[in-house]
Amino acid sequence: HRILLSYYNLLHRARWPLLLVCLGALIASAISAAQLELPNSSDVRVLSASRVEYERNYEWRQNLLSQVLDKNAGSEAVVIWGVEAADTGDHNNPDSWSQLVLDESFDPSSEEAQLWMLNFCDEFFKQDFADLPEDGYVCPLEAFNTWLMEQSTASTPTQEYVSNCNGATGVGMMPADDFNSCISSWSFLTGETGVLSRNGVVEIMYIRFQSRVRYDSSYDALDKEWNIIEDYLDEQRRSGAAGVNNMFHSSHDFWWYDTNGSMLQTAISAAGIALAAAGVVVLFSSRSIVLTLFSVLTIGYVLSSTTAMLVATGWTLGFLESVCFAILIGISCDFVIHFGHAYAHMEGDVDRHDRTRFALLSMGPSIL
Numbered sequence: 003h004r005i006l007l008s009y010y011n012l013l014h015r016a017r018w019p020l021l022l023v024c025l026g027a028l029i030a031s032a033i034s035a036a037q038l039e040l041p042n043s044s045d046v047r048v049l050s051a052s053r054v055e056y057e058r059n060y061e062w063r064q065n066l067l068s069q070v071l072d073k074n075a076g077s078e079a080v081v082i083w084g085v086e087a088a089d090t091g092d093h094n095n096p097d098s099w100s101q102l103v104l105d106e107s108f109d110p111s112s113e114e115a116q117l118w119m120l121n122f123c124d125e126f127f128k129q130d131f132a133d134l135p136e137d138g139y140v141c142p143l144e145a146f147n148t149w150l151m152e153q154s155t156a157s158t159p160t161q162e163y164v165s166n167c168n169g170a171t172g173v174g175m176m177p178a179d180d181f182n183s184c185i186s187s188w189s190f191l192t193g194e195t196g197v198l199s200r201n202g203v204v205e206i207m208y209i210r211f212q213s214r215v216r217y218d219s220s221y222d223a224l225d226k227e228w229n230i231i232e233d234y235l236d237e238q239r240r241s242g243a244a245g246v247n248n249m250f251h252s253s254h255d256f257w258w259y260d261t262n263g264s265m266l267q268t269a270i271s272a273a274g275i276a277l278a279a280a281g282v283v284v285l286f287s288s289r290s291i292v293l294t295l296f297s298v299l300t301i302g303y304v305l306s307s308t309t310a311m312l313v314a315t316g317w318t319l320g321f322l323e324s325v326c327f328a329i330l331i332g333i334s335c336d337f338v339i340h341f342g343h344a345y346a347h348m349e350g351d352v353d354r355h356d357r358t359r360f361a362l363l364s365m366g367p368s369i370l
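Per my numbering, residue 3 is the first one in the sequence shown, and the count goes up by one each step.
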């Protein structure tokens, strides 16, 4: 008790200089905390990068020729028509999967839509971000167009062509009434999986391409690649023909990218919610605006200073750090609110000096 009382007397005498120091530390730590970065890879790094042997081993693995070649090769992605980017599963249950949601507006049968999709494929693979998934790959509609030209000049065309294509000589010159039955019969004949039909009507089409990133690429690289592709597709959607201008791209490469971004957004939103909730609780329990202001500033200082320490030691906001961040938010709120509760609920009509001393002496042993 005497130790805490001496500690309080010292703090009370130096309260104004200490307040200025704390405000300066709050500003400095907030600036430093804003520099917290996301991980450069999906590897879970339990030890700090300052551990020499661990860091050497990590860097050595990253520079292996097999690792470099794999990362430079990128991985496969798709541009898909006919489905919506929807998730009908239970978002709180990872074992609940989504059902396929068809895009009812998808209709490639018009001559304008046929020609636009045929040209889209050619223009798409001229972009720097899209390479052929393998040598000799041809977009489904280009392969279909080649087949039509061959069949239209063949002496003995296949039965599928004769029965369903009405003598069509190429994509973009086929009547809408013949398109679905013709391309559906062609896809069954050739085993083309990029065209999916139901009851003779094309429901889904997609093209495959090789992207420049992998799932374990850095967050910045994935973010840049995602936005480059999305910006290009946005432009194509605006200029696309009706019925085929609602496509999107997808790849498992961006699962970790999305998770990583969500961790950052969740950390920021959790801190904001914690500050707001703590402020409301303190305000209603103490009915003191001054106490509420100091409580919120104190919680913000705890959060920003701890985050600044992570930045200073070279840590990033990975999975483990996100868990620790969530725990930190709860602990910081818990400690500050306990102090505020003791301050506000001291019995009697007493001044701030006595209330502050009472809060420190009563809650100090259990919190400090």
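Ideal placement from N, C-alpha and C gives every residue a C-beta, glycine not left out.
Contacts around residue i, its chain only, beta-carbon distance under 8 angstroms, and the 5 residues preceding and following it disregarded
i    : result
A280 : S297, V298, I301, C335, V338 and I339
W134 : Position check: residue 134 holds Leu in this sequence, whereas Trp was assumed. Here the set comprises F127, F211 and Q212.
N11  : none
Contact belief for residue i with residue j at Cβ below 8 angstroms, rounded distance in angstroms
i    : j    : result
V246 : W83  : 6 angstroms
Y303 : A27  : 7 angstroms
H251 : V140 : Incorrect: roughly 19 angstroms between the Cβ atoms, too far for contact.
L13  : L20  : 7 angstroms
G320 : P41  : 5 angstroms
S107 : N248 : 6 angstroms
N166 : S189 : Not confirmed; about 11 angstroms, so no contact.
A328 : A272 : 6 angstroms
P142 : E194 : 6 angstroms
S253 : E86  : Not really, about 17 angstroms apart at Cβ, beyond 8 angstroms.
Residue i versus residue j - alpha carbon distance
i    : j    : result
F286 : W18  : 27 angstroms
L71  : D124 : In this prediction, L71 scores a pLDDT of 48, lower than 50, which makes its location untrustworthy; the coordinate-derived value is nonetheless stated afterwards. Cα-Cα distance, rounded: 27 angstroms.
I270 : D89  : 25 angstroms
T331 : R359 : It should be noted that the sequence gives Ile, not Thr, for residue 331. Cα to Cα, the separation comes out at about 26 angstroms.
F256 : A310 : 28 angstroms
V352 : H343 : 15 angstroms
N95  : D105 : 25 angstroms
L102 : T261 : 22 angstroms
L198 : S306 : 52 angstroms
G316 : W258 : 21 angstroms
Y9   : L266 : 38 angstroms
I185 : V204 : 8 angstroms
Y163 : E144 : 16 angstroms
A361 : A16  : 18 angstroms
R4   : D222 : 54 angstroms
A51  : E232 : Legend: pLDDT at A51 = 49, less than 50; position of this residue unreliable, value from coordinates given subsequently. Their backbone Cα atoms lie some 34 angstroms apart in a straight line.
E323 : G263 : 14 angstroms
L22  : I29  : 11 angstroms
P177 : N168 : 9 angstroms
V292 : T268 : 29 angstroms
A225 : A276 : Just to set this straight, residue 225 is Asp in the shown sequence, not Ala. Taking the straight line from one Cα to the other gives about 28 angstroms.
S100 : D236 : 25 angstroms
R289 : V325 : 33 angstroms
L25  : T294 : 16 angstroms
K308 : I333 : Here residue 308 is Thr; the residue named in the question, Lys, does not match the sequence. About 12 angstroms.
I230 : L363 : 59 angstroms
E136 : T192 : 18 angstroms
D179 : G196 : 21 angstroms
Q161 : R200 : 20 angstroms
For residue i, the residue or residues it bridges with in DSSP
i    : result
M207 : W83 and V197
S252 : V80
L104 : V85
Q212 : E78 and D133
Neighbourhood of residue i by C-beta distance below 7 angstroms, restricted to the same chain and skipping five residues each side
i    : result
R214 : G76, F131 and E227
G138 : none
S98  : G91 and D92
R357 : Y345 and M348
F146 : V173, I185 and W188
E114 : A243
Y234 : Q129
6 angstroms CB neighbourhood of residue i in its chain, flanking five on each side removed
i    : result
M365 : H340, F341 and A344
H347 : none
S34  : A310 and V313
P367 : none
H355 : none
E39  : T318
message: With a threshold of 8 angstroms, are at least 3 pairs of Cβ atoms found where one atom belongs to the stretch 146-162 and the other to the stretch 214-234?
response: no
I'd like to know if the stretch 203-216 and the stretch 120-138 are in contact, where contact means that at least 3 CB-CB pairs between them fall below 8 angstroms. yes
#### Entry: Sufficient close CB pairs (3 or more, under 8 angstroms) joining the stretch 169-186 to the stretch 104-121
Yes, since at least three Cβ pairs between the stretch 169-186 and the stretch 104-121 fall closer than 8 angstroms, the two stretches touch.
message = Quick check: the stretch 155-163 against the stretch 237-244, are at least 3 beta-carbon pairs closer than 8 angstroms?
response = The stretch 237-244, when compared against the stretch 155-163, does not touch it at the 8 angstroms Cβ threshold.
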